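Working notes, beginning with the structure itself.
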Amino acid sequence: MVNGDPASVTGRIERFFERVHRERMAGLPILNPRLAVKLVGLHDWQGLWIGVLVTPWTMNLIALPGPHCTNPPGGFGTKRDLDLPAGRYEFIAAADPELGPHETCSLFSPMDAFADQEAALAMAQAILSLLFDPAAQPAAADPAPRPGLSRRGLLRTVLGGGT
Numbered sequence: 001m002v003n004g005d006p007a008s009v010t011g012r013i014e015r016f017f018e019r020v021h022r023e024r025m026a027g028l029p030i031l032n033p034r035l036a037v038k039l040v041g042l043h044d045w046q047g048l049w050i051g052v053l054v055t056p057w058t059m060n061l062i063a064l065p066g067p068h069c070t071n072p073p074g075g076f077g078t079k080r081d082l083d084l085p086a087g088r089y090e091f092i093a094a095a096d097p098e099l100g101p102h103e104t105c106s107l108f109s110p111m112d113a114f115a116d117q118e119a120a121l122a123m124a125q126a127i128l129s130l131l132f133d134p135a136a137q138p139a140a141a142d143p144a145p146r147p148g149l150s151r152r153g154l155l156r157t158v159l160g161g162g163t
């Protein structure tokens, strides 16, 4: 369980992945040297802290159990679907003694398609906007809910290729 306000939780996650970058990823050819670790849009969603994590090697949705989480991640490597407003997305559980249990959903890897940090952060913000768009939530009384936006559909929409 990760306690705190969004800014302090964001700082904790960023410091953890900055350390991963320095200590575990340093020198690997998969790194985009124009990018840095940044967590975009972290917020409490149904008891989970969720946001988009940008690193020099990947861009992921990341979810961590918040103080009011009733459905924490499973054991390391387990998969589960999370129903976000724009659709259902598969997350994979991980754990670290420092960060604790968390889950990720891969969006981009490697990150060589991004010319700079600004482009990567703009993509992360666009993805968050689509994932949590209130218009993406099906109406409660809708007898035939529309299918959610798949990860591929989400990325096509953000990249301008339609759904």
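Taken in order, the sequence shown gives residues 1 to 163; the numbers are from the UniProt record's numbering.
Every residue gets a Cβ at the ideal spot worked out from N, C-alpha and C, and that includes glycine.
Given the structure is predicted, the values throughout are model-derived calculations rather than measurements.
Nearest-angstrom Cβ-Cβ length linking Ile92 and Lys79, presumed shorter than 8 Å: 5 Å
Exposure label - His102; buried when at least 16 CB within 10 Å: buried
Residue burial classification, Met59 (beta-carbon count within 10 angstroms, cutoff 16): buried
Whole-Å CB distance - Ala36 paired with Pro67, under 8 Å assumed: With a Cβ gap of about 28 Å, Ala36 and Pro67 do not count as contacting.
Range covered by the alpha helix (DSSP H) that runs through Thr70: Note, Thr70: premise wrong, no alpha helix (DSSP H); not H, not E.
Chain-order list of residues whose beta-carbon lies under 8 Å from that of Leu28 (same chain, five-residue window excluded): Trp57
Stretch pair the stretch 80-90 + the stretch 1-18: three plus CB contacts closer than 8 Å: no
Proximity test, Asp133 beta-carbon vs the ligand GDP heavy atom, cut-off 7 Å: For the ligand GDP, the structure offers nothing, since it holds no ligand at all.
Residue range of the unbroken alpha helix (DSSP H) whose run includes Glu118: Gln117 to Leu131
Residue span of the alpha helix (DSSP H) that contains Thr10, given as start and end: Pro6 to Val20
Other residues of its chain near Glu98: CB distance less than 7 Å, five sequence neighbours each side excluded: Phe16
Spatial neighbours of Ala26 in its chain, beta-carbon cut-off 8 Å, leaving aside the 5 residues before and after: none
Nearest to Leu130 (by Cα), restricted to the options Gln117, Pro110, Arg24 and Pro85: Pro85
Inter-residue Cα distance where the pair is Ala141 and Cys69: Low confidence applies here, because Ala141 scores a pLDDT of 43, under 50, leaving its location unreliable and the question unanswered by this model.
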